[in-house]
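Just so you know, the protein sequences line up as chains A and B, in that order.
Numbering follows this note's numbering, in which position 90 of the first sequence is assigned residue number 98; successive positions increment by one, without gaps.
Numbering follows this note's numbering, in which position 88 of the second sequence is assigned residue number 332; successive positions increment by one, without gaps.
Virtual Cβ for every residue (Gly too), placed ideally from N, Cα, C.
Read the structure below first, then the notes.
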Amino acid sequence: MTITGTGSRATRALGLVTLALCALLALLGLVLSPPDVAMGEAVRLFYVHVPAAIASYAGIAVVGVGSVLYLWKRSLTWDLLAAAGAEIALVFTALTLVTGSLWGRPTWGTYWEWDPRLTATAVLFLLLLGHVAVRAAGGDVHTRARRSAVVGLLATVDVPIVRYSVDWWRSLHQPATLSKLDPTIDGLMLFTAFVGIVAFMAAFLWLLVHRFRVAWLEERAEEQTLVGAIAERRAEGGRS
Amino acid sequence: MWRDALTVAGRDLRIEFRSRVALNQVVPFAFIVLLLFGFALDPDRGILQKVTPGLFWVTVLLSALVVVQRSFAIERSDGGRDALRVGGIDPAGVFLGKGAAIVVVLGLLEVALLAAVAVLYGAPLRGWPLLVVTAFVSTVGIVAPGTVYGALASGLRVRETVLPLLFLPVVAPVMIGATRAFEAAFDGSSAAGWRWCGLLGVFAVAYTALGMLLFEPLLEES
Numbered sequence: 009m010t011i012t013g014t015g016s017r018a019t020r021a022l023g024l025v026t027l028a029l030c031a032l033l034a035l036l037g038l039v040l041s042p043p044d045v046a047m048g049e050a051v052r053l054f055y056v057h058v059p060a061a062i063a064s065y066a067g068i069a070v071v072g073v074g075s076v077l078y079l080w081k082r083s084l085t086w087d088l089l090a091a092a093g094a095e096i097a098l099v100f101t102a103l104t105l106v107t108g109s110l111w112g113r114p115t116w117g118t119y120w121e122w123d124p125r126l127t128a129t130a131v132l133f134l135l136l137l138g139h140v141a142v143r144a145a146g147g148d149v150h151t152r153a154r155r156s157a158v159v160g161l162l163a164t165v166d167v168p169i170v171r172y173s174v175d176w177w178r179s180l181h182q183p184a185t186l187s188k189l190d191p192t193i194d195g196l197m198l199f200t201a202f203v204g205i206v207a208f209m210a211a212f213l214w215l216l217v218h219r220f221r222v223a224w225l226e227e228r229a230e231e232q233t234l235v236g237a238i239a240e241r242r243a244e245g246g247r248s
Numbered sequence: 245m246w247r248d249a250l251t252v253a254g255r256d257l258r259i260e261f262r263s264r265v266a267l268n269q270v271v272p273f274a275f276i277v278l279l280l281f282g283f284a285l286d287p288d289r290g291i292l293q294k295v296t297p298g299l300f301w302v303t304v305l306l307s308a309l310v311v312v313q314r315s316f317a318i319e320r321s322d323g324g325r326d327a328l329r330v331g332g333i334d335p336a337g338v339f340l341g342k343g344a345a346i347v348v349v350l351g352l353l354e355v356a357l358l359a360a361v362a363v364l365y366g367a368p369l370r371g372w373p374l375l376v377v378t379a380f381v382s383t384v385g386i387v388a389p390g391t392v393y394g395a396l397a398s399g400l401r402v403r404e405t406v407l408p409l410l411f412l413p414v415v416a417p418v419m420i421g422a423t424r425a426f427e428a429a430f431d432g433s434s435a436a437g438w439r440w441c442g443l444l445g446v447f448a449v450a451y452t453a454l455g456m457l458l459f460e461p462l463l464e465e466s
């Protein structure tokens, strides 16, 4: 594989599509779609909140797949992909938590409610922070890759168990806050939600590709520096 | 693999028996945590008694952190880790052995803690079969990821600080499940408790299997 820059023609096209979709989402979500009967204007947060949550789960899926494939194939490509997935998932879980709390204020009257989804997302956020912390701790690239793959795998397996246990625990006290999109929901609102999901997934892919390419180039740059330094020392030796 | 596990567990427990670090340091640590909860929540017995299951498991989790750290501090001193690798011991055996030794130490600590909460918090200890089974599967569920992360963190310069960050979020489901199961046992409503116990069992089995698979790549590192 040869990568010469952080983007390519295809990623630039994807970037433009993402920007257009975000503009469309802003128009639909903020202007054209009507306020909800029950939730009022607060419903607009959902066009960001739900897609962000979906993108964060997509991110952790990338971490899981990348970790397993690294341990199997021992190719740094998979390690870098998992790392990119973890960082982006971290951003989207943070966004999910913030929008969830903002939505909770007018709806529940508090910024934080022990809602199963929100609680599970908070745990997911911490799991991802652990992954990023292990990567930041440094070390030889393959050692770091092995450690991150182990952390990534343990965290990925934990996600469904956390979801299940939190769901079960909270359902003893209160019904799920918003179980599904109401089937009687306004057509334009449903369409806006759909555009939101497509726009966020496009943004997710764009970020993933770019983060991966930056990480890949970083590896190459480090290698080149090392090779260059060795060559320089050799040349010095030749002269004397 | 099983024989390697027994060897490693035997060695770790022998070290503990001779050094008495768990007895002299971890048990008093757990005890002071119980006292701190008493100070924080006012020894108004109503509150403490009500939240005993949660406090018990928080104390166990914090103690597990200390015990896991101790278990891998042993490996770092005197080149224990290299000896394990050079000795040709199966990595899965190392995982099971170290894990088993930690389970034994934590299990004994839990017995002491149960006696302590009965006395200090006036907790009504009831539903013994559920209590014992829950304690066992939860301990295995705590120790399995703890052992993996202990090995992982011991190779890092930031080991003391990164271990809690890795370990505590992963065992969040154990904290929930074990607390609910204990509550059910104390209330005398075992049926709900056994369901939680099942979830804890799944967690313990999944993470033990993962640990056996993943210990090899972890021991490879220099």
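Less than 8 Å between the C-beta atoms of residue i and residue j, yes or no?
{"i": "W224 of chain A", "j": "G23 of chain A", "result": "no"}
{"i": "V158 of chain A", "j": "G138 of chain A", "result": "no"}
{"i": "V252 of chain B", "j": "G351 of chain B", "result": "no"}
{"i": "V217 of chain A", "j": "T19 of chain A", "result": "yes"}
{"i": "L134 of chain A", "j": "S64 of chain A", "result": "no"}
{"i": "L462 of chain B", "j": "L396 of chain B", "result": "yes"}
{"i": "F459 of chain B", "j": "V349 of chain B", "result": "no"}
{"i": "A60 of chain A", "j": "L103 of chain A", "result": "yes"}
{"i": "F339 of chain B", "j": "G455 of chain B", "result": "yes"}
{"i": "V71 of chain A", "j": "T12 of chain A", "result": "no"}
{"i": "T151 of chain A", "j": "Y55 of chain A", "result": "no"}
{"i": "F447 of chain B", "j": "V418 of chain B", "result": "yes"}
{"i": "I62 of chain A", "j": "I169 of chain A", "result": "no"}
{"i": "A90 of chain A", "j": "G67 of chain A", "result": "no"}
{"i": "L29 of chain A", "j": "V142 of chain A", "result": "no"}
{"i": "G15 of chain A", "j": "H57 of chain A", "result": "no"}
{"i": "F316 of chain B", "j": "G394 of chain B", "result": "yes"}
Classify residue i: buried if its beta carbon has 16 or more other beta carbons within 10 angstroms, exposed otherwise.
{"i": "P335 of chain B", "result": "buried"}
{"i": "W440 of chain B", "result": "buried"}
{"i": "T118 of chain A", "result": "exposed"}
{"i": "L40 of chain A", "result": "exposed"}
{"i": "I318 of chain B", "result": "buried"}
{"i": "E354 of chain B", "result": "buried"}
{"i": "R154 of chain A", "result": "buried"}
{"i": "R320 of chain B", "result": "exposed"}
{"i": "G442 of chain B", "result": "exposed"}
{"i": "E226 of chain A", "result": "exposed"}
{"i": "R241 of chain A", "result": "exposed"}
{"i": "F220 of chain A", "result": "buried"}
{"i": "A211 of chain A", "result": "buried"}
{"i": "Q182 of chain A", "result": "Low per-residue confidence applies at Q182 of chain A: pLDDT is 47, beneath 50, and the placement is therefore not dependable, though the value from the model is reported in the following sentence. By the 10 Å Cβ count, Q182 of chain A comes out exposed."}
{"i": "L196 of chain A", "result": "exposed"}
{"i": "W111 of chain A", "result": "buried"}
{"i": "L283 of chain B", "result": "Just to set this straight, residue 283 of chain B is Phe in the shown sequence, not Leu. The residue is exposed, with fewer than 16 neighbouring Cβ atoms inside 10 Å."}
Grouping DSSP H, G and I as helix and E and B as strand, with all else coil, what is residue i?
{"i": "D148 of chain A", "result": "coil"}
{"i": "G432 of chain B", "result": "coil"}
{"i": "G48 of chain A", "result": "strand"}
{"i": "S16 of chain A", "result": "coil"}
{"i": "W122 of chain A", "result": "coil"}
{"i": "V402 of chain B", "result": "coil"}
{"i": "D256 of chain B", "result": "helix"}
{"i": "V295 of chain B", "result": "coil"}
{"i": "D286 of chain B", "result": "coil"}
{"i": "L22 of chain A", "result": "helix"}
{"i": "G108 of chain A", "result": "helix"}
{"i": "R370 of chain B", "result": "coil"}
{"i": "P114 of chain A", "result": "helix"}
{"i": "M245 of chain B", "result": "coil"}
{"i": "I205 of chain A", "result": "helix"}
{"i": "Y83 of chain A", "result": "One detail in the question is off: residue 83 of chain A reads as Ser in this sequence, not Tyr. Looking at S83 of chain A - three-state DSSP - the assignment turns out to be coil, as it is neither helix nor strand."}
{"i": "D322 of chain B", "result": "helix"}
{"i": "Y78 of chain A", "result": "helix"}
Check the Cβ of residue i against every Cβ in chain E and list those closer than 7 Å, keeping chain order.
{"i": "R155 of chain A", "result": "Of the chains in the structure shown, none is chain E; the protein chains are A and B."}
The stretch 340–359 of chain B in contact with the stretch 369–389 of chain B per 3-pair CB rule at 8 Å: yes
Taking Cβ-Cβ distances below 8 Å as the criterion, which residues of the stretch 288–320 of chain B are in contact with chain A? none
Touch test, the stretch 219–236 of chain A against the stretch 66–79 of chain A, Cβ-Cβ under 8 Å, three pairs minimum: no
Which residues, in chain order, does the stretch 118–142 of chain A contribute to contact with chain B at a C-beta distance below 7 Å? V131, L134, L135, L137, G138, A141 and V142
Can you confirm whether the stretch 116–134 of chain A touches the stretch 172–180 of chain A when touching is taken to mean that 3 or more C-beta pairs between the two stretches lie within less than 8 Å? yes
Would you be able to state if there are at least three C-beta pairs under 8 Å between the stretch 270–283 of chain B and the stretch 366–377 of chain B? no
Determine which residues of the stretch 411–434 of chain B have a Cβ less than 7 Å from any Cβ of chain A, and write them out in chain order. P413, V414, A416, P417, I420, G421 and R424
Validate contact between the stretch 355–374 of chain B and the stretch 287–297 of chain B using beta carbons, cut 8 Å, 3 pairs: yes
Are the stretch 414–425 of chain B and the stretch 298–305 of chain B in contact at 8 Å, needing three or more beta carbon pairs? yes
Between the stretch 86–105 of chain A and the stretch 33–52 of chain A, are three or more C-beta pairs nearer than 8 Å? no
Residues from the stretch 162–173 of chain A in contact with chain B, defined by Cβ distance under 8 Å: L162, A163, V165, D166, I169, V170, Y172 and S173
Closer than 7 Å between beta carbons: that is the criterion. Which residues of the stretch 436–460 of chain B meet it against chain A? L443, F447, A450, L454 and L458
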